[in-house]
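Asker: Okay, handing you the structure first.
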Amino acid sequence: KEKGLDKQEIQNILIEDARTGLSVEALKRAIQNNLFYVQGKFPEIATRNDYYMAVSYAVRDRILNRWVASVKQYLDGKHRVVSYLSAEYLLGPHLANNLINLGIYKETEQAVKELGKDLEWLIEKEIEPGLGNGGLGRLAACYMDSLATLEVPAIGYGIRYQFGIFEQDIRDGWQVEDTDNWLRRGNPWEIERRELNYEVKFGGHVQHYTDNNGKFCSNWIPDLVVKGVAYDTPILGYKVNTTNTLRLWKSEAPKSFDFQLFNAGGYNDAVRQKIVCENISKVLYPNDEQEEGKILRLRQQYFFVSCSLQDMLGIHLRQGDKIQDFHKKFVVQLNDTHPAVGVAELMRLLLDKYGLEWDEAWDITTKTFAYTNHTLLPEALEKWDLELFGKVLPRHLELVYEINRRFLDQVTVKFYGDHQKISSLSLIGEGPRKFIKMANLASLGSYAINGVAALHTDLLKKTVLKDWYELSPEKFSNKTNGVTPRRWMVLSNPELTQLISDKIGDGWIKNLDELRGLEQFAKDKNFQKAWMEVKYNQKVALSKRILQRVKIKTDSNSIFDVHVKRMHEYKRQMLNALHVITLYNRIKHNPEIDMVPRTVIFAGKAAPGYRMAKLIIKLITSIGEVVNNDPDVKDRLKVVFYPNYNVTNAQKIYPAADLSEQISTAGKEASGTGNMKLSLNGALTIGTLDGANVEIRECVGAENFFLFGLDADQVEEVKANGYDPYSHYQNNPDLKLAIDQINDGYFSHLNKDTFKALVRSLLYDDQYLVLADYQSYIDAQDKVAETFRDKEKWAEMSIINVARMGKFSSDRSIRDYCQEIWKVEPIPVSLEK
Ligand code: GL9
Ligand code: PLP
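The numbering used here runs 490 ahead of the 1-based position in the sequence shown.
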């Protein structure tokens, strides 16, 4: 017996390597080893973060052998690879997710416990990488999880922002922003690959010449060169070996470049250049569906797209394949138009670097890209001022002109005389200033175009991309969004996961359609009771957090009415606020009223420059101030604004929701994914016929969904007929009272200025038809409350909602992309013995 180990234990260690073994003993040794050998710490001085790092490194070790095996397998087999280009990845914390996907949560919990620590406590320490704004970035993260779980070779490319989405705090009821210094305690999940770097050019001018063979050539002489360095994060699938790569680029100054200046005595210039280079990947733009048009943003887009395409071409050529077969090796999915400049960049690389002819290059390019559109909002459509574009990317401007010239030649023949159509299809917009339309560049350069929910795809074909649909209907298809049940159920709602698995087994985690098996228990009283008990426990847990974070006491027996998403006028947090005021007025009018208690929970960030969205936050917190402290209310109504909505907080909020607010103006929300996560966690939806709500309602059944409001066609009709919000105000006493109160300073210490802009916008503009949908919304909310009184009915509806959510797994979405757009097959990965 050596150091407390008996013979059998020593034997176990020998066969189970400390770096890869999955037993409690192996994990424990690995954590201790990491603490000591990687960090130079020992238990007496190790901090909570040191332990968090040690556990994370121990887990990463176990992922790395799977990662290497995956890369080897892909290279050997020369398999077709999905390349996902996205400016945003909203990953959420890694540790717990990796433990679940590795299948060693319990073992690690035990190992940590034996070391005298608590795993939950360490998990809470992780700072999430907030490298995205919201739905679009989170979708990319869910898709990376599903690609790996489905064993599909894939690589995600993006930007390693030094600062992610800002942290939101609420002071005096207003949003204040703080920088998100997410790397301050180190990042154990990434591997810096200094040797893997590419140069990216900016600015300058282009020289044209004819070479010795009489070939017309272009030479781009930049005035700035930036180096992109790869940082890789392994993305492990659920209970498979497949581990894909998320490769994020950090911008730096190339060494050679600043030396030149330095030697010439230009020290200050050298330093300035270094800063310009580093700034490119410095910070994520915090806008939600609002185009920014800033030069730095264009630099970011081009920077990561260029690094990524150079990387793909390198991988392809190193395998000894012909450049002409590039599109056979890689399919490149454009996550919105943010990476659309890739179309011009691939052309540049094929023409200028690899010397292909135009037609050949264009053929390869248009067989490589596919484009997903994520919004119909006109203010989100990316346009680049042509002059600015030409200053940053002079060679690409030439290429866009040439692509457009050739395209318009064809279009003019096809639609002779239809100037309207030709100008709408043109890549270049005319006006006081010319601009480049990125959706057009993406549409022309791609062989497939998709929307993210059935209604959205329909509307795309009829509105924003109508001409493109008429030109090439075969390119269009719908791919309804989905969410990963690993993070959004197994990880965030372990109690519900257990209850479900006890009943129908755990196959649903990989095959969400199996949730159907729950339906037969929807009326089972015992099961209903257990179901509602789980929900109650989640509400108690959230109540604790709310009390801690914002000092508001909430009643876990009340309806938890949850409205969490970015703050945006089209998402209509305002409509919800008007309902809260209406409930409050009912109490004030009749203090003894028998009312179902409600806790209305809001969370979401407003873009720092979006005045109206910030004002709506102030309104919500102000209403809360009054309602929560009015003794007449007697705790029948509470209003909570939970600060800093991010993945970590979302994981705590979704499981505790009874009611999911999906109340956008019909035709505005492309899909939504929060709606899916909430329903999957047993919340019932109150919603409009918008985005994926339409399909959710189809699946769960109209009788299990609280529908209200105008549909997309009616919205258009109302607008076409000259919408008059003021008449709704005048004709509806409850609505009038609520708006008058806001206007008169009832919620702002009698200050009439605070919400003036809001009231004005509602009464005289109301672009998002808040007033038009008010009464219908109130009626639906009353139905919600009535239904909630019948606990068994509510439980039944909740169970049915979950049972019928199978379609909304991101595994289904990814399978559809694989079969219908990408034409890629799963490649199982086995570990070397
Ligand atoms: C969005 C749409 O608005 C959502 O409806 C959709 O679910 C997601 C994912 O497809 O994409 N488009 C978009 O720009 N955002 C979306 O959420 N905004 C952010 O990501 C902040
Ligand atoms: N932000 C975060 C942190 C999320 O987790 C999600 C989830 O989907 C979203 C935004 C998107 O929410 P929604 O689809 O409701 O707009």
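Note that beta-carbon positions come from the ideal geometry of N, C-alpha and C, so glycine has one too.
Given the structure is predicted, the values throughout are model-derived calculations rather than measurements.
Reducing DSSP to helix, strand and coil, say where Ser1169 ends up.
Answerer: Three-state DSSP puts Ser1169 in a helix.
Asker: Our contact map puts Ala1285 next to Trp852 with C-beta atoms below 8 Å; I'd like the distance itself, whole angstroms only.
Answerer: Not confirmed; about 58 Å, so no contact.
Asker: Cβ of Ser576 within 9 Å of Cβ of Gly972?
Answerer: Not closer than 9 Å, so no.
Asker: Please state whether DSSP places Glu850 in a helix, a strand or coil.
Answerer: Three-state result, Glu850: helix.
Asker: Among Ala1228, Glu1206, Arg1006, Gln1028, which has the Cα closest to the Cα of Phe1298?
Answerer: Among Ala1228, Glu1206, Arg1006, Gln1028, the Cα nearest to that of Phe1298 belongs to Arg1006.
Asker: May I ask whether a heavy atom of the ligand GL9 can be found less than 8 Å away from the beta carbon of Arg1056?
Answerer: Yes.
Asker: For the ligand GL9, is there a heavy atom less than 8 Å away from the beta-carbon of Leu636?
Answerer: Checking the sequence shown, residue 636 turns out to be Ser, not Leu. No, the ligand GL9 has no heavy atom inside 8 Å of this Cβ.
Asker: Starting from the Cα of Asp849, find the closest Cα among Asp1263, Asp875, Ile893, Leu824 and give me that residue.
Answerer: Of Asp1263, Asp875, Ile893, Leu824, the residue nearest in Cα terms is Ile893.
Asker: Would you call the stretch 685 to 703 in contact with the stretch 712 to 730, where contact means no fewer than 3 C-beta pairs closer than 8 Å?
Answerer: As far as the Cβ criterion goes, the stretch 685 to 703 touches the stretch 712 to 730, which means the pair count is three or higher.
Asker: Near Lys568, what residues of its chain come up, given a Cβ to Cβ distance below 8 Å and the 5 sequence neighbours on each side ignored?
Answerer: Taken in chain order, the residues that qualify are Gln809, Asp811, Lys819.
Asker: Between which two residues does the beta strand (DSSP E) harbouring Phe820 extend?
Answerer: Segment 820 to 825, the beta strand (DSSP E) holding Phe820.
Asker: Exposed or buried, what is Val903 when buried is set at 16 or more other beta-carbons lying within 10 Å of its beta-carbon?
Answerer: Per the 10 Å Cβ criterion, exposed.
Asker: Locate the beta strand (DSSP E) running through Lys873, then write down its first and last residues.
Answerer: Note, Lys873: beta strand (DSSP E), 873 to 875.
Asker: Taking only the alpha-carbon atoms, compute the straight-line gap between Glu1276 and Val1292 and give it to the nearest angstrom.
Answerer: For Glu1276 and Val1292, the distance between alpha carbons rounds to 21 Å.
Asker: Check whether the Cβ atoms of Ala631 and Leu581 sit closer than 9 Å, and answer yes or no.
Answerer: Yes, the Cβ-Cβ distance between Ala631 and Leu581 is below 9 Å.
Asker: Between Gly511, Asp1269, Ser1046, Leu1105, which has its C-alpha nearest Phe1196's C-alpha?
Answerer: Among Gly511, Asp1269, Ser1046, Leu1105, the Cα nearest to that of Phe1196 belongs to Asp1269.
Asker: With respect to the alpha helix (DSSP H) encompassing Cys1308, which residues constitute its N-terminal and C-terminal limits?
Answerer: From DSSP, Cys1308 is part of no alpha helix (DSSP H); its letter is neither H nor E.
Asker: For the candidate residues Leu1240, Tyr1219, Arg787, Lys772, whose alpha-carbon lies nearest to that of Arg1250?
Answerer: Of Leu1240, Tyr1219, Arg787, Lys772, the residue nearest in Cα terms is Tyr1219.
Asker: Only counting runs of 4 or more residues, tell me where the alpha helix (DSSP H) segments fall wholly within the stretch 559 to 612, in order along the chain.
Answerer: You should have 585 to 592, 595 to 604.
Asker: Going by CA-CA distance only, name the one from Asn623, Gly693, Asp826 that's closest to Asp773.
Answerer: According to the sequence as given, residue 773 is Val; it is not Asp. Ranking Asn623, Gly693, Asp826 by Cα distance to Val773 puts Asn623 first.
Asker: Check whether the stretch 1138 to 1147 and the stretch 1164 to 1172 touch, using three or more Cβ-Cβ pairs below 8 Å as the test.
Answerer: The stretch 1138 to 1147 vs the stretch 1164 to 1172: in contact.
Asker: What do you reckon, are the CB atoms on Ile1091 and Tyr1026 nearer than 9 Å?
Answerer: It is not a contact, given that the beta carbons lie outside the stated cut-off.
Asker: Please give the ranges of any alpha helix (DSSP H) in the stretch 664 to 744, keeping only runs that are unbroken, at least 4 residues long and fully inside the region.
Answerer: DSSP runs (the alpha helix (DSSP H)) wholly in the stretch 664 to 744: none.
Asker: Go ahead and label Glu835 buried or exposed: buried means 16 or more other beta carbons lie within 10 angstroms of its beta carbon, across all protein chains shown.
Answerer: It counts as buried.
Asker: Is any heavy atom in the ligand SAM found nearer than 8 Å to the beta carbon of Val973?
Answerer: For the ligand SAM, the structure offers nothing, since it holds only the ligand GL9 and the ligand PLP.
Asker: Indicate, with yes or no, if the ligand PLP has a heavy atom lying under 8 Å from the CB of Gly880.
Answerer: Checking every heavy atom of the ligand PLP against the Cβ of Gly880, none is found closer than 8 Å.
Asker: Measure how close the beta-carbons of Tyr1060 and Leu867 come, nearest whole angstrom, since I'm counting them as under 8 Å.
Answerer: So it is a contact: roughly 7 Å between Cβ atoms.
Asker: Between Tyr547 and the ligand PLP, is there a pair consisting of the residue's CB and a ligand heavy atom that are separated by less than 8 Å?
Answerer: No; taking the cut-off as 8 Å, the Cβ of Tyr547 has no heavy atom of the ligand PLP nearer than that.
Asker: Going by Cα to Cα distance, which pick from Asn539, Ile1311, Gly648 is closest to Glu964?
Answerer: Closest option to Glu964, Cα to Cα, is Ile1311.
Asker: Less than 8 Å separating the Cβ of Leu626 from some heavy atom of the ligand GL9?
Answerer: Correct: Leu626 has its Cβ closer than 8 Å to the ligand GL9.
Asker: Name the DSSP beta bridge partners of Thr1089, please?
Answerer: Answer is Phe1050, Lys1128, bridged to Thr1089.
Asker: At a threshold of 8 Å, does Gln1152 count as lining the ligand PLP (C-beta to nearest heavy atom)?
Answerer: Yes, the Cβ of Gln1152 comes within 8 Å of a heavy atom of the ligand PLP.
Asker: Helix, strand or coil for Asp476, going by three-state DSSP, please let me know.
Answerer: With the chain covering only 491 through 1323, there is no way to say anything about residue 476.
Asker: Kindly indicate the opening and closing residues of the beta strand (DSSP E) around Gly1177.
Answerer: Unbroken beta strand (DSSP E) run through Gly1177: 1174 to 1177.
Asker: Given a threshold of 16 other Cβ atoms within 10 Å of its Cβ, counted over all protein chains shown, does Asn1001 qualify as buried or as exposed?
Answerer: Asn1001 is exposed by the Cβ-count criterion.
Asker: With the cut-off set at 9 Å, would you say Ser1048 and Thr987 are in Cβ contact?
Answerer: In this structure, Thr987 does not lie closer than 9 Å to Ser1048 by Cβ.
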